[in-house]
Amino acid sequence: MLHARYERAPLPPARPETPPPTSADPPPKARGASGAKQRDPFFDNAKYLTILLVGVGHAWDPLRADSRAAEALYYVVYTFHMPAFILISGYLSRSFTGKPGQLKRLVTGIAVPYLIFEILYTLFMRWADDPERDFSLQKPGFALWFLIALFVWRLTTPFWRTMRWPVPVALAIGVAASVTPDIGEDLNLMRLLQFLPFFVLGLQLRPEHFQLAKRRELRLVAVPVMALTLVFAYWAVPRMSKEWFLHDKAAAEMDVPSWAGAAMYLALFGCALVLTACFLSWVPRRHMWFTVLGGGTLYAYLLHIYPIKLSREFEWYDMDWVDHPLSRVAITLLAVVMMTVLCTTPVQRVFRFAMEPKMTWFFREDPVAKAKEREKEREQPPAGG
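For the sequence shown, the numbering used here gives the first residue as 2, with consecutive numbering after it.
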């Protein structure tokens, strides 16, 4: 989730959209010396909480085989955590128009981190599992598919913004992908296309839509909805596969007819929207202790891959203590702590060279931006003035 003005994290800093002040409105808050607008804590909080769900979901995956309850929780989280992640990405991408500065940040904030971490992931897996593993930049490893998808979605934003019915078109593309077994694994196009409607829907949302999610009535309704969802998921565990929630396979690959695959895709799309609304209704609106961590979601997203893969390759889940129910609670808490630490400022400082490279040597200088910078320098008061 990247904002069009700041594309350094999957879920970027949000900028509040408020109507022009009237005579009855209080004066707007002054900007800082840098001229940056005030960030909306609601979106920073949502970014942090969704990245927690990503880490917890990955930590729960090996627990599913021995616990029906764990698998039910896994189903619920996987129904909405990536859709919510992607929907907010779309909302924060609305101002992307393909300007030179935006394209540069698209490259330095998404494409370059993907290349770096895909190469590192291949080397890591050669050490941990397969010394003969090939370098395949067109086949993203583990969770890296999201960066490719985000790059494509962001690049096509102006196209979706000009369409009359973008969401139905994107949904039709997602349904078509869900019943097309010949898409292949390159660039993980299956996931890119099946998750596309959530990004396009995010592009169409407005601040007033999120105001609806903040209403107390929805927070109250969300409690029984989530409870019923958990009960249904527990019932569904022996009756359906987790592959439906990953959106990386076509219906034929799951041995169901195309009509059933399309129907299941649409049903999960609807469920994802309902649970996303419930989730957003519980996101705090005010500044919290973790609000600042919302700016480090890309760091957590990319770096958590390695401890997660270590736990699986070296069979940490096969230890005796993992079989106890309390151990699953401990693993959940460890995942939360891990993702929280990976969002912090010290971690960002260490890895900024790979995730936020400036790359001024790679791009031509933008004369318009340079002229604006000189104008700002002339407007600044002299030191001591």
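Cβ coordinates follow ideal geometry from the N, Cα and C atoms, glycine included.
Entirely within the region 309 to 368 and at least 3 residues each: give me those beta strand (DSSP E) ranges in chain order. You should have found no qualifying run.
With H, G and I counted as helix, E and B as strand and the rest as coil, what does DSSP make of D131? Under the three-state reduction of DSSP, D131 is assigned to coil, being neither helix nor strand.
Proximity below 8 Å, CB of P182 to CB of A261: No, the Cβ-Cβ distance between P182 and A261 is not below 8 Å.
Excluding the 5 residues flanking S219 on each side, which residues of the same chain have their C-beta closer than 8 Å to its C-beta? For the sequence presented, residue 219 should be read as Leu rather than Ser. Within the same chain, and ignoring the five residues on either side of L219 in sequence, the residues whose Cβ sits closer than 8 Å to its Cβ are L213, A278, C279 and S282.
Please state whether DSSP places W166 in a helix, a strand or coil. Judged by DSSP in its simplified three-state form, W166 adopts coil rather than helix or strand.
Could you check whether the Cβ of L121 sits closer than 7 Å to any heavy atom belonging to the ligand NAD? With respect to the ligand NAD, the structure shown offers nothing to examine, as it has no ligands at all.
Pairing CB atoms from the region 87 to 103 with CB atoms from the region 191 to 204, are three or more of them under 8 Å? By the Cβ test, the region 87 to 103 is in contact with the region 191 to 204, since at least three Cβ pairs between them sit closer than 8 Å.
On the DSSP letters alone, give me the boundaries of the alpha helix (DSSP H) that E186 sits inside. Element bounds for E186: n/a, residue is neither H nor E.
Which word fits E357, buried or exposed, when buried means at least 16 other C-beta atoms lie within 10 angstroms of its C-beta? E357 should be labelled buried.
What residues in its chain sit with their C-beta under 7 Å from that of S312, if we drop five residues either side in the sequence? The beta carbon of S312 sits closer than 7 Å to those of Y318, all from its chain and outside the five residues before and after it, given in chain order.
How is P22 classed by DSSP in three states: helix, strand or coil? For P22, the predicted model reports a pLDDT of 43, less than 50, meaning its position is unreliable and no value from the coordinates is stated.
By DSSP, does H288 sit in helix, in strand, or in coil? If DSSP states are grouped into helix, strand and coil, H288 belongs with coil.
Report the option in P308, D321 and F118 whose CA atom is closest to the CA atom of L335. Selected option, being the one with the closest Cα: P308.
Are the C-beta of A355 and some C-beta of chain B separated by less than 8 Å? No chain B appears in this structure, which consists of one protein chain only.
Could you give the distance in angstroms between the alpha-carbon of P132 and the alpha-carbon of M126? Taking the straight line joining both Cα atoms gives about 8 Å.
So which of E366, L107 and W61 has the shortest CA-CA distance to D324? Per the C-alpha coordinates, the member of E366, L107 and W61 positioned closest to D324 is W61.
DSSP three-state assignment for G175, whether helix, strand or coil: It is helical.
Can you give me the start and stop residues for the alpha helix (DSSP H) that V232 sits inside? Bounds of the alpha helix (DSSP H) holding V232 are R217 to A237.
Taking all protein chains shown into account, do 16 or more other C-beta atoms lie within 10 angstroms of the C-beta of A25, making it buried, or fewer, making it exposed? Caution applies to A25, whose pLDDT of 42 falls short of 50 and renders its modelled position unreliable; the model cannot decide the point.
Please list the terminal residues of the continuous alpha helix (DSSP H) segment that includes M265. First-last of the alpha helix (DSSP H) with M265: S259 to W283.
Since M255 is in the alpha helix (DSSP H), which residue starts that stretch and which ends it? Taken as a continuous stretch (DSSP letters only), M255 belongs to no alpha helix (DSSP H), as it is neither H nor E.
Are the region 99 to 115 and the region 215 to 234 touching, with three or more C-beta to C-beta distances below 8 Å? Taking 8 Å as the limit for Cβ pairs, the verdict is that the region 215 to 234 does not touch the region 99 to 115.
Measuring alpha carbon to alpha carbon, tell me which residue in H59, A171 and M289 is nearest H82. For H82, the closest of H59, A171 and M289 by C-alpha to C-alpha distance is H59.
Between the Cα of T230 and those of V77, A70 and L121, spot the shortest distance and give me the residue it belongs to. The residue with the shortest Cα to Cα distance from T230 is V77.
If we ignore side chains and look at the alpha-carbon of each, how far apart do S35 and K377 end up? Here S35 scores only 41 on pLDDT, less than 50, and its place in the model is too uncertain to base an answer on.
How about A234 and A71: are their beta carbons less than 8 Å apart? Taking 8 Å as the cut-off, the Cβ atoms of A234 and A71 do not count as close.
The alpha helix (DSSP H) with M83 in it runs from where to where? R69 to Y92 is the span of the alpha helix (DSSP H), which, as asked, contains M83.
Where H210 sits in the DSSP three-state scheme: Residue state, collapsed to three classes: helix.
With DSSP as the reference, label T109 as helix, strand or coil. T109: helix per DSSP, three-state reduction.
Alpha carbon to alpha carbon, what distance is there between P368 and W146? Going from the Cα of W146 to the Cα of P368 covers about 35 Å.
If distances are taken between C-alpha atoms only, which option among T298, A273, R329 and R40 comes closest to D67? D67 has its Cα closest to that of R329, out of T298, A273, R329 and R40.
Please tell me whether W154 and L197 are closer than 8 Å, where the distance is taken between their beta carbons. Yes, the pair counts as a contact, with Cβ atoms nearer than the cut-off.
Assuming contact is defined by CB atoms lying nearer than 8 Å, are P42 and H210 in contact in what I supplied? Going by C-beta atoms, P42 is not nearer than 8 Å to H210.
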